[in-house]
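Report on the structure given below.
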Amino acid sequence: MAKKAVLVGIHYHSFHAKHQLGSAYQDVDDVKAFLIDTLGFEEENITELKDDVDADDPQYPGEQNLKNALTQLVEGATEGDHLVFHFSGHGSQTRDQNGDEADGMDETIWPADAVPNKKMTDARGAIIDDWIKAEVVDKVPAGAKLVIFLDCCHSGTGADLPNTYTDGDELPPHSKHKVAMKKLTKEPANAEAVVVSWAACQDPHLTISFSESGGYFVKAFIKAYCADPAASHSDLLHSMKDDMLQTAQAHLESKRAELGEHFERLQDWWEDAQSEPVLGILNDEGEVLASAVAGTFGAERAVDP
């Protein structure tokens, strides 16, 4: 049984300062420490891509290097392997070109060499969810498990998984959830693989970053897992949502004096725009929702619910 991971954190140094992401590197460091210290991954089996190196460096997270790292992650994977892909960076939506999106929009992640439009709503060179589904998700072999973390805007269905959940969904198995992020029915190419995605927000929404100490989505996942390693996927999703909400509210409250008369208006806006984590599942969603999160990582503390 092999455990391998690809961790990507992009600051976007060439972007205007307000669009640079100071927390992305810390996210990678936090996830790496979590994988090694808590889940038993070996450092030599973890690939890190950060844009703190020259653009011609193999570890630079440009489009081709990022795609190469992801294809290598699943190449040669066999039954019993546990794989992780983490991305902290920018994400967006773009017009669907093949008719497989109910809302008419594909979700994307931006490599370090992506070229955004003036409004920062889309970028040339972005990697679309169709590619992630076809070249990563669908290449996971039977009996192997892949966990995807997408800490970026518009990330809810960024791995194109057919079953998506937010906390509070109580729908029967095999139904689609949340019209705003619903996909057209897609038959999995690998019906016996386990693929799970954890996304920072729903497709129409944006994420926020409070500081360079790491994103609150990543911290919420790690905190919830460490508090209860036997937690089911549905329980951990609930814990994450609560923690993210409390963190965001505390941050907003800390700005009350600074914002003055604008505080209540911003508070009203934030209540509508609040990021909510999304859980995506490829196959057997009812079983996965009830199963221990630890099991998808091959952690020794995994238990059956």
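All residue numbers for the sequence shown refer to the working numbering, where the first residue is 28 and numbers rise by one.
Think of the CB as a built atom: it goes at the ideal place given N, C-alpha and C, for glycine as much as any other residue.
Exercise. What is the DSSP secondary structure of Q124, reduced to helix, strand or coil?
Worked result: DSSP, reduced to helix, strand and coil, places Q124 outside both helices and strands of the structure shown, so it counts as coil.
Exercise. Nearest to D57 by alpha carbon, out of F114, Q124, V164 and W137?
Worked result: The shortest C-alpha separation from D57 is found at F114.
Exercise. Is E75 buried or exposed, if buried means 16 or more other CB atoms sit within 10 Å of its CB?
Worked result: E75 comes out buried.
Problem set entry | CA nearest to the CA of A220, picked from V101, L279 and D84 | Comparing Cα-Cα distances from A220 to each of V101, L279 and D84, the minimum goes to V101.
Problem set entry | Burial state of E312, where buried means 16 or more other Cβ atoms lie within 10 Å | Within 10 angstroms of the beta-carbon of E312 lie 16 or more other beta-carbons, which makes it buried.
Problem set entry | Supposed contact pair G49 and H40 - C-beta distance, whole angstroms, cut 8 angstroms | 11 angstroms between Cβ atoms; not a contact.
Exercise. Leaving out five residues before and five after T234 in sequence, what residues of the same chain have Cβ atoms less than 6 angstroms from its Cβ?
Worked result: Excluding residues within five positions, the ones whose Cβ falls inside 6 angstroms are C180, A227, C228 and S302.
Exercise. When you compare only the Cα positions, how much space is there between S202 and P189?
Worked result: Caution is warranted here: a pLDDT of 36 is assigned to S202, below 50, making its placement in the model unreliable, and no coordinate value can be reported.
Problem set entry | Under the three-state DSSP convention, the category K282 falls into | Three-state DSSP puts K282 in coil, outside helix and strand.
For this session: Can you give me the Cβ contacts of L62 inside the same chain, cut-off strictly under 7 angstroms, excluding the 5 residues immediately before and after it?
Result: Residues A32, F68, I73 and V111 of the same chain have their beta carbon placed closer than 7 angstroms to that of L62, with the five preceding and five following residues left out of the count.
Problem set entry | Start-end ranges of the alpha helix (DSSP H) lying completely within the stretch 46-111, minimum 4 residues | The qualifying runs are 51-64 and 90-101.
Exercise. Expressed to the nearest angstrom, what Euclidean distance is found between the alpha-carbon atoms of H278 and A51?
Worked result: Their backbone Cα atoms lie some 19 angstroms apart in a straight line.
Problem set entry | Buried/exposed call for P85, threshold 16 Cβ in 10 Å | Looking at its Cβ environment, which holds fewer than 16 other Cβ atoms inside 10 Å, P85 is exposed.
For this session: Can you tell me which of the three DSSP states I249 falls into?
Result: In the structure shown, I249 sits in a helix (DSSP, three-state: H, G or I).
Exercise. Hey, out of D187, A319, G325 and S119, whose CA is closest to I159's CA?
Worked result: Between I159 and the set D187, A319, G325 and S119, the nearest pair of CA atoms involves D187.
For this session: Could you tell me the boundaries of the alpha helix (DSSP H) in which I159 lies?
Result: For I159, the uninterrupted alpha helix (DSSP H) segment begins and ends at D156 to E162.
For this session: Spell out a yes or no on whether the stretch 134-142 and the stretch 88-98 are touching, meaning 3 or more CB-CB pairs, one atom from each, closer than 8 angstroms.
Result: Yes, since at least three Cβ pairs between the stretch 134-142 and the stretch 88-98 fall closer than 8 angstroms, the two stretches touch.
Problem set entry | Cβ neighbours of S182 in the same chain (closer than 7 angstroms, five flanking residues each side left out) | Within the same chain, G118, E134, A226, A227 and C228 come within 7 angstroms of S182 by CB-CB distance, once the 5 residues on both sides are set aside.
Exercise. Should H278 be listed as close to the ligand ATP, given that the test is whether its C-beta is under 6 angstroms from any heavy atom?
Worked result: Only the bare structure without any ligand can be found here, which leaves the ligand ATP out of the picture.
For this session: Sort V174, A82 and D78 by Cα distance to K30 and report the nearest one.
Result: It is V174 whose Cα lies nearest to the Cα of K30.
Exercise. So the beta strand (DSSP E) T193 belongs to, where does it begin and stop?
Worked result: Looking at the DSSP string, T193 is not in any beta strand (DSSP E), and its letter there is neither H nor E.
For this session: Please state if the CB of H109 and the CB of G325 are separated by a distance shorter than 7 angstroms.
Result: For G325 and H109, yes; Cβs fall inside 7 angstroms.
Exercise. By how many angstroms is the C-alpha of L309 removed from the C-alpha of K172?
Worked result: A straight line joining the alpha-carbon of K172 with that of L309 spans about 11 angstroms.
Exercise. Does the beta-carbon distance from A251 to S266 come in below 7 angstroms?
Worked result: Contact flag set, yes.
Problem set entry | Alpha-carbon spacing of M271 relative to V167, whole angstroms | Looking at the backbone, the Cα of M271 and that of V167 are separated by about 30 angstroms.
For this session: For V206, count neighbouring Cβ atoms within 10 angstroms of its own Cβ and tell me buried if that reaches 16, exposed if not.
Result: Note that V206 has pLDDT 31, beneath the 50 cutoff, so the model's placement of it is unreliable and no number is given.
Problem set entry | Expected contact under 8 angstroms - CB spacing of G170 and G107 to nearest Å | Your pair G170 and G107 checks out as a contact, with CB atoms roughly 6 angstroms apart and the cut at 8 angstroms.
Exercise. Which residue's Cα is closest to the Cα of Q273: E288, F244, F290 and E291?
Worked result: The shortest Cα separation from Q273 among E288, F244, F290 and E291 belongs to F244.
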